[in-house]
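Here is the structure we will look at.
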Amino acid sequence: MKELPKEIKETIDNSKTEIVTSPPELVPYDISFTPYPSEEVASDPDTLRAYNEQANERTPKWLDLWFVYKKPTRNKLGGSITLNHDVDDVTYGDAFLRTNIMKRSKGMMEGFNYLPNKGIWNIYGKGESQATIESILTRDLRAWGVYENNTVNRVRLYILRMMFDRSLGNKSPFDTARPELVAFKNGTYNILTDELQPHNPNNYLLTYHNYNINPDINECPATDHLMKKMFGDASITLKEYIGYMFYHSYSKFNKAVFLHGTGGNGKSTFINHVLKNVIGDDNNSAIPPDQMGGKQNRFNTAELFRKEVNMVADIDDEYIENTAILKNLTGGDSINAEFKGITGFHFRNYAKLLFSANSLPKFKDDTDGFASRLITIDTISPNTRNEPNGHPEWWNDIDMNKIKKEAPIFAVNCMQLFSKVIKRNAFTIPRSVQISTNKWKDDNDKFKQFISDCFEFTNDDTNGEKAVYIHDAWVKYARGNGYSDKMSISTIANKLEKYGIYKKKSRNGNGISDTANPVSRFMGIRVITDNGYD
């Protein structure tokens, strides 16, 4: 085989012009600018074959180009040389998916792609995967000078079909991801083992934190000083809960935290710091509790998808009718959600709920099951605003610049504290948190207030009070306080049993026989007739 002349090799090499980024060994160029071989080279099959091979060394495997020589006709002095090319759809599509890791599953037909620099996956919205693929293909083909709409369509269809992973089944792979893994700039941290490991697409993580961490560095004195001044001994509970935010599941604890204190005492400043510098802007939502659930708020729940915390400062103290969604969000159940213009979907919420309030809200649900989910932390700092009766000097020994720099260290500290919570299966609950939480539960227990305001206990009285009188008293009390009066006698009986009051059949009431037949009476309790709700 004849050697390619040196000048031909140099001409090919010099014709390469960088247009877009491509694999390191290749520099995209418009192949229409490939120098044509001389007729002397083209007319010899061996040298032409070598010339074509040399040219294809500078193109990707999916793009084949070759020159064809046609001998001169009688009317022409020289032959003709034409440039041809071919795009191999399969080879191109496979190369595309090696560079761009994309998948689809039965439960997520729009697809999702892996971001190797972050160690997380991105979930495509409606039509986004197709648009992304077409954009990349178009830019790639155009850079090589071989763009054709038909080529884009063929390769796109091949890629979309190959993206489908039957092994993922009907469920989202993100619902079964290991909740203890957290993606940071320099790797993936394991909360349970306190180890940092390389990013891995098989972890199926969705949230990313744009800073480096070091598990061996966990002391943050400036932040600890702020928290001690603001929350006292309850700061340990709050730090543990912030660590829980990085744990992507509610499987361990069904808890929501409310920060309570007077206005202007720095709660919002602290919350904004945690949101922006520790958790990150992309990993939080801000839906108030009274705007969760219900048809009028059906789009709000979707805002919690892929978030680590739903954190709202200075919520209203309004009565919250619907608490079912709060129980669902903290229960690890599958939640139905909907974005505007997109078909509804299901997801398991792992966004922890943290709210702050000057005055705590009232809930409709006063059951133990709901109350046990709540933790209340009182702030001990005064009004720190620069206003009459304010104490702006409170901030004099607080260095917010140091606190911001400590954010990665604070994150490590909180996650390590939460790891201990998992091991002992309980948050640290100081007495101040117990008192604050129990007081709120008592204040929110409408039935307990009803008992206190409308009844007196008569342990030595065996006559009892008619069940219907008790029910009538509840209806008047509820209406008088703006509560729903819907509560059956059987429900009232169940609640009274907690106070040692039981229902039984009796003919006597208030010391006299007021009926020939026995009726249901609650023993050991009497309605106060002058309670103000008659």
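Just remember that the numbering used here sits 386 ahead of the position in the sequence shown, which is counted from 1. Even for Gly, the Cβ is constructed at its ideal location relative to N, Cα and C.
| Item | Value |
| --- | --- |
| Just to confirm my understanding: we take residue 879, look at its own chain, exclude 5 residues before and 5 after, and list those with CB closer than 7 Å. What are they? | 889 |
| Check the DSSP bridge columns for residue 644 and list the partner residues they point to. | 741, 762 |
| Buried or exposed: residue 459, going by 16 or more other Cβ atoms within 10 Å of its Cβ? | exposed |
| Excluding five sequence neighbours on each side, which residues of the same chain lie with their C-beta closer than 7 Å to the C-beta of residue 455? | 428, 429, 434, 465, 467 |
| Under the three-state reduction of DSSP, which class applies to residue 687: helix, strand or coil? | helix |
| Within a Cβ cutoff of 6 Å, which residues of the same chain sit near residue 608, ignoring the five residues on either side of it in sequence? | 785, 788, 789, 792 |
| For residue 437 and residue 446, which I take to be in contact (beta-carbon distance under 8 Å), what is that distance rounded to the nearest angstrom? | Contact flag wrong, Cβ pair sits at about 19 Å. |
| Should residue 585 and residue 574 be called a contact, given that it needs their Cβ atoms to be closer than 7 Å? | yes |
| Let me know the secondary structure DSSP gives residue 569 once reduced to three states. | strand |
| Give the range of the beta strand (DSSP E) segment to which residue 787 is assigned. | Counting along the chain, residue 787 falls outside any beta strand (DSSP E), though it belongs to the alpha helix (DSSP H) covering 786-791. |
| Below 7 Å CB to CB, which residues in the same chain sit around residue 631 once its five sequence neighbours on both sides are set aside? | 665, 694, 695, 738 |
| Once DSSP output is grouped into helix, strand and coil, what is the label at residue 911? | strand |
| Using 8 Å as the Cβ pair cut-off and three pairs as the minimum, do the stretch 793-810 and the stretch 587-606 touch? | yes |
| Using beta-carbon positions only, say whether residue 740 and residue 626 come within less than 7 Å of one another. | no |
| Look at residue 530 and residue 417 and say whether their C-beta atoms are less than 7 Å apart. | yes |
| Strictly by DSSP, which residues pair up with residue 575? | 568, 582 |
| Are residue 519 and residue 487 close, meaning C-beta to C-beta below 7 Å? | no |
| Use the C-beta contact count for residue 932: other C-beta atoms within 10 angstroms, 16 or more gives buried, fewer gives exposed. | Absent from the model: residue 932. The displayed extent of the chain is 387 to 920, so no value can be given. |
| What do you get for residue 650, buried or exposed, if any count of 16 or more other CB atoms within 10 angstroms of its CB means buried? | buried |
| What does the alpha-carbon distance come out to for the pair residue 470 and residue 492? | 41 Å |
| Is the distance from the Cβ of residue 522 to the Cβ of residue 801 below 7 Å? | no |
| Do residue 853 and residue 906 have their C-beta atoms within less than 7 Å of each other? | yes |
| Measuring CA to CA, which of 502, 675, 768 is closest to residue 776? | 768 |
| Assuming residue 844 contacts residue 755 under a Cβ cut-off of 8 Å, what Cβ separation, rounded to an integer in Å, is found between them? | Not a contact, Cβ separation roughly 31 Å. |
| Given this structure, state the Cα-to-Cα distance separating residue 715 from residue 685, to the nearest angstrom. | 14 Å |
| Bridge partners of residue 460, per DSSP? | BP columns for residue 460 are empty, so no partner. |
| With distances taken Cα to Cα, identify the nearest neighbour of residue 484 among 504, 875, 690, 549. | 549 |
| Please list, in chain order, all residues of the same chain as residue 479 whose beta carbon is under 7 Å from its beta carbon, the five residues on each side excluded. | 541, 544, 545, 548 |
| Specify the secondary structure class of residue 532 as computed by DSSP and reduced to three states. | coil |
| Between which two residues does the alpha helix (DSSP H) holding residue 613 run? | 607-617 |
| Residue 669: which of 697, 452, 822, 733 sits nearest, CA to CA? | 697 |
| In its own chain, which residues sit with a C-beta less than 6 Å from the C-beta of residue 640, not counting the 5 before and 5 after it? | 716, 717, 759 |
| Could you compute how far the alpha carbon of residue 749 sits from the alpha carbon of residue 779? | 37 Å |
| Under 7 Å Cβ to Cβ from residue 691, same chain only, skipping five residues before and after it: list those, please. | 723, 733 |
| Let me know the secondary structure DSSP gives residue 541 once reduced to three states. | helix |
| In angstroms with no decimal places, state the Cα-to-Cα distance between residue 432 and residue 564. | 59 Å |
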